[in-house]
Amino acid sequence: MKLLRRRFLRLAMGVVALPAVSRVARAESYPSRPVHVVVGFPPGSGPDIVARLLGQKLSERLGQSFIVENRPGAGSNIATETVVRAPADGYTLLFAAASNAINATLYANLTFDFMRDIAPVASVVSTPFVLASNLAVPAKTVPEFIAYAKANPGKVNMASPGNGTTPHLCGELFKMMTGVDIVHVPYRANYMPDLLGGQVQIAFSTATQLVEYISAGKLRALGVNSAMRIEALPDVQAIGESVPGYEGIGWFGVGVPKGTPSEIVEKLNAEVNAAVANPDIKGRLVALGVVPMSMTSAAFGKFIATETEKWAKVIKVAGIKPQ
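Under my numbering, the sequence shown is numbered contiguously, ending at residue 412.
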């Protein structure tokens, strides 16, 4: 009887251990085939460039191809829906962006819920924006620009890539926090010629897009949107130095369909963080004007929730609708 009892206990313990062993084996064998990274923006865009850098390093580290697949359209909604509908097995990743947090409020009839249907894996970079003006604007600092805008209500035009884009919302947040009256001018095409030519006076654009013009003396950098000054423009103050609490950054990260095994999420998080910390990749990212940003998957989830809530308030106060 005792022998039978001992045998039963050993069998029971083996059954309990099986799920843990299975999880470990699944993590160790992942990935066993190519992984697709879905990007909601066109080839050559900022998200695409960063995704390809990351994918190359992950391919080297994990021994399987990480294939970037561009699905542009609707502010990354098409790409997000593609990943939401994919199997939750770790072989289809979303290269998520700040637009995902914005779209949760901006679009009323989405067929998915980004916070519910996409599990956060890892942050990759933050993308600081720069408040830049053409040289005809007499202001050289953020306080001078605020004074100039208040002295000329409705006469300062702000270009953006379109309604509800991150640069547009950065401008609306600036308006809300400073009380200036500036006019938003959304563009479907490149607005840079009009900014350089003076048809519009200011824009919130990525450091990557503006550094060349600023260095050449064709545009003036008034401030950066990040909490601190950035390496690409060390002499340009953070807007928050003059407008306490102001911060409006973009960001890129990795997500997977909800239900993806936690051990695969954890492995991807560790590998993405290691890739971003690699000196070569880190140097190339900084050269692009972005800031490496690594978090645990849980911290990244909290960050996304905070960003979603923040931009929801701006969208509602400003009454922004998608184009």
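Note that beta-carbon positions come from the ideal geometry of N, C-alpha and C, so glycine has one too.
In the three-state scheme derived from DSSP, where H, G and I count as helix and E and B as strand, G339 is classed as strand.
Within the same chain, V126, V128, V157 and F184 come within 6 Å of A140 by CB-CB distance, once the 5 residues on both sides are set aside. By the Cβ-count criterion, V272 is exposed, with fewer than 16 other Cβ atoms from all chains shown falling within 10 Å of its own Cβ. Our two residues, K347 and A238, have alpha carbons roughly 46 Å apart in a direct line. Separation of the CB atoms of A296 and I319 is rounded to 6 Å, and the pair is thereby assigned contact status at 8 Å. Annotation: I328 is outside any alpha helix (DSSP H) and is labelled neither H nor E by DSSP. In this structure, P131 sits near P161, with a CB-CB distance shorter than 8 Å. By the neighbour-count criterion, in which a residue is buried when 16 or more other Cβ atoms sit within 10 angstroms of its Cβ, E301 is exposed. The beta carbon of Y280 lies closer than 7 Å to those of A248, V289 and A292 in the same chain, with the five residues before and after it left out. The C-beta of T169 has 16 or more other C-beta atoms within 10 Å across all chains shown, which makes the residue buried. Boundaries of the alpha helix (DSSP H) around E396: S386 to A407. Beta-carbon to beta-carbon, A208 and T397 are separated by about 15 Å, too far to satisfy the 8 Å threshold. Comparing alpha-carbon positions, the option among A407, K371 and K391 lying closest to V214 turns out to be K371.
For P275, the pairing in a beta bridge is given by DSSP as S249.
In the DSSP assignment, L322 is bridged to I319. Taking 8 Å as the cut-off, the beta carbon of P136 is found no closer than this to the beta carbon of V380. Taking one beta carbon from each stretch, the stretch 303 to 319 and the stretch 218 to 238 have 3 or more pairs nearer than 8 Å; the two touch.
DSSP places S304 in the helix class (H, G or I) of the three-state scheme.
Within the DSSP secondary-structure output, H257 pairs in no beta bridge. In this structure, the straight-line span from the alpha carbon of E149 to that of L143 is close to 10 Å. A185: member of the beta strand (DSSP E) spanning T181 to A186, first to last residue.
Judged by beta-carbon spacing, L357 lies beyond the 8 Å limit of G152, meaning their Cβ atoms are not closer than that value.
With 16 or more other CB atoms across the displayed protein chains lying within 10 angstroms of its CB, P120 is buried. When DSSP reads this structure, L220 sits in a beta bridge with F293 and G312. Counting the other CB atoms within 10 Å of its CB gives S304 a total below 16, which places it among the exposed residues. Distance from the CA atom of E360 to the CA atom of N198, rounded to whole angstroms, is 35 Å. With fewer than 16 other Cβ atoms inside 10 Å of its own Cβ, P333 counts as exposed. Annotated three-state conformation of G133 is coil, per DSSP. For E261, same chain residues with a beta-carbon under 6 Å away, outside a window of 5 residues either side, are V403 and A407 in chain order.
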